[in-house]
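Q:
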Ligand SMILES: NC(=O)c1ccc[n+]([C@@H]2O[C@H](COP(=O)([O-])OP(=O)(O)OC[C@H]3O[C@@H](n4cnc5c(N)ncnc54)[C@H](O)[C@@H]3O)[C@@H](O)[C@H]2O)c1
């Protein structure tokens with residue numbers, strides 16, 4: 100069996116996503132299983148080159164995982180003849196310049212979302228990548244979550260009849276950083292650093308709605324900065340300039356109404372950190388990260404409103420668990436494998452930079468809708 104190496108510059112591996120999901124759970128996991136078997140019998144062997152700003156942190160990660168290649172010089176890393184792919188998991192505000200440099204160096208590009216902070220920039224990157232003839236892809240991990248894969252299976256199987264509405268709840272309490280350390284980096288709460296829950300989460304909701312339910316046609320969004328001051332990684336108080344909650348209403352093709360709350364200032368009384376309830380004429384489902392439960396028309400009870408009596412029914416017990424019936428694997432890794440196949444053997448990969456741009460478009464329109472206090476159409480993007 101022949102083994103073919105593929106050099107991947109991984110920028111931002113000292114961060115939460117870059118390290119855990121992309122380096123450890125994806126690229127190193129692929130190496131641990133012996134590489135990626137291609138259709139022609141060749142085994143593709145990813146060779147990560149770690150890139151970042153902090154030499155000590157990069158060296159520590161490299162040593163921990165017996166890797167030898169790391170650099171604080173992005174241009175030099177991109178110029179290496181053994182590099183084919185650039186991957187970006189930096190803070191959002193640094194993304195455009197990293198990707199631009201990679202495209203200029205002729206490398207294929209794969210990136211965390213959001214692709215950019217503004218739609219015009221996202222589209223510019225998409226066109227640059229096309230003109231350069233490089234492959235381009237964006238992380239759309241929620242599509243690969245077991246709960247949402249089961250939901251998609253239900254939609255494709257016609258379980259719902261006519262879908263009427265979707266109600267999504269995403270969020271949890273992010274500590275302010277004073278008496279307990281915050282569990283998200285402080286840049287998330289500063290608009291000038293690419294923060295904000297709208298930019299962060301609408302990039303996800305776009306592909307979740309478009310691909311699993313129906314294309315998004317309009318958005319109405321009310322954002323909020325509920326916590327005006329937080330304490331950063333160095334214990335210094337700072338002003339929050341970015342939204343930490345967003346209350347969105349989306350109209351989808353076919354008249355489906357989706358409402359999604361996204362908040363870092365809410366406490367969880369749910370089974371999972373994100374849950375979507377989909378109601379249809381034939382049945383309903385509640386899907387989370389891992390679980391998906393259904394209630395069919397035929398098993399729907401008939402509750403009667405009577406506030407004088409305590410509830411006698413256990414409503415949650417009236418739902419049925421959808422079985423996995425498959426091994427879903429880590430979503431980030433599944434998508435990495437698809438991107439590597441796209442580069443190495445022309446495998447299909449629908450989640451290109453234009454898909455990334457659609458995510459940025461929804462975030463941009465959401466922010467504008469909030470600012471202007473009105474509902475906005477979501478036009479098709481020209482390629
Ligand atoms: N797909 C998902 O579910 C998901 C989840 C969380 C975050 N993300 C995205 O991943 C990216 C990284 O998020 P994260 O939570 O890992 O952030 P993080 O703060 O933990 O990591 C950011 C990385 O960028 C680097 N960096 C480069 N320039 C920087 C600068 N000027 N200031 C600060 N850091 C700089 C840091 O060193 C670090 O390696 C963001 O674009 C975010 O939107 C995606």
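Numbering (our numbering), first residue to last: 100 to 482.
Even for Gly, the Cβ is constructed at its ideal location relative to N, Cα and C.
Model, not experiment: these values are computed from the prediction.
1. Helix or strand or just coil, what does DSSP make of residue 270?
2. How many angstroms separate the CA atom of residue 117 from the CA atom of residue 110?
3. Tell me, which residues are paired with residue 320 by DSSP?
4. Compute the beta-carbon to beta-carbon distance between residue 379 and residue 261, rounded to the nearest angstrom, for a pair I have assumed lies under 8 Å.
5. For residue 319, I'd like the list of residues in its chain whose CB is within less than 6 Å of its CB, leaving aside the five on either flank, ordered along the chain.
6. If I follow the unbroken beta strand (DSSP E) through residue 386, where does it start and stop?
7. Going by C-alpha to C-alpha distance, which of 297, 383, 252 and 470 sits closest to residue 422?
8. Roughly how many whole angstroms lie between the Cα atoms of residue 295 and residue 165?
9. Take residue 221 as the anchor and find which of 393, 154, 194 and 334 has the nearest alpha-carbon.
10. Could you spell out where the alpha helix (DSSP H) holding residue 434 opens and where it closes?
11. Quick check: is any heavy atom of ligand 1 less than 7 Å from the C-beta of residue 286?
12. State the DSSP-derived secondary structure class of residue 135, mapped to helix, strand or coil.
13. Taking the continuous alpha helix (DSSP H) assigned at residue 284, which residues delimit it?
14. Helix, strand or coil, according to DSSP, for residue 233 in the structure here?
15. What residue does the beta strand (DSSP E) around residue 207 start on, and which one ends it?
16. Does the Cβ-Cβ distance between residue 138 and residue 444 come in under 8 Å?
17. Figure out for me which residue from 301, 308, 335 and 305 has the closest Cα to the Cα of residue 322.
18. What is the residue span of the alpha helix (DSSP H) that residue 255 lies within?
19. Output the residue ranges of the alpha helix (DSSP H) runs that lie fully inside the stretch 378 to 423 and measure 4 residues or longer, sorted by chain position.
20. Check each candidate in 168, 120, 352 and 325 and name the one with the smallest Cα separation from residue 433.
21. When burial is assigned at 16 or more other CB atoms within 10 Å of the CB, is residue 233 buried or exposed?
22. Distance check for residue 197 and residue 383, CA to CA, integer angstroms please.
23. Starting from residue 187, follow the beta strand (DSSP E) in both directions and report where the run begins and ends.
24. Would you say residue 503 and residue 112 are within 8 Å of each other, going by their C-beta atoms?
25. Would the beta-carbon of residue 55 fall within 8 Å of that of residue 388?
26. Less than 8 Å between the C-beta atoms of residue 440 and residue 420, yes or no?
27. Could you tell me the distance, in whole angstroms, from the CA atom of residue 326 to the CA atom of residue 237?
28. Beta carbon of residue 285, beta carbon of residue 337: below 8 Å?
29. Who are residue 360's beta bridge partners in DSSP?
30. Taking all protein chains shown into account, decide if residue 268 is buried (16 or more other Cβ within 10 angstroms of its Cβ) or exposed.
31. For residue 405, count neighbouring Cβ atoms within 10 angstroms of its own Cβ and tell me buried if that reaches 16, exposed if not.
32. From 412, 366, 381 and 359, pick the residue whose C-alpha is nearest to that of residue 374; which is it?
33. Can you tell me where the beta strand (DSSP E) holding residue 338 begins and where it ends?
34. Rounded to the nearest angstrom, what separates residue 216 and residue 399 at their Cα positions?
35. Am I right that residue 477 and residue 317 are in contact with their C-beta atoms under 8 Å? What's the rounded C-beta distance?
A: From the atom records:
1. strand
2. 8 Å
3. 347
4. 6 Å
5. 348, 468 and 474
6. 382 to 386
7. 252
8. 36 Å
9. 194
10. 430 to 444
11. yes
12. strand
13. That residue, residue 284, is in no alpha helix (DSSP H); it is neither H nor E in DSSP.
14. coil
15. 207 to 210
16. yes
17. 301
18. 245 to 255
19. none
20. 120
21. buried
22. 43 Å
23. 182 to 187
24. Any property of residue 503 remains undetermined from this structure, which presents the chain solely from 100 to 482.
25. The structure shown does not extend to residue 55, since the chain spans only 100 to 482, so no value can be given for it.
26. no
27. 31 Å
28. yes
29. 268 and 346
30. buried
31. exposed
32. 359
33. 336 to 338
34. 44 Å
35. 6 Å
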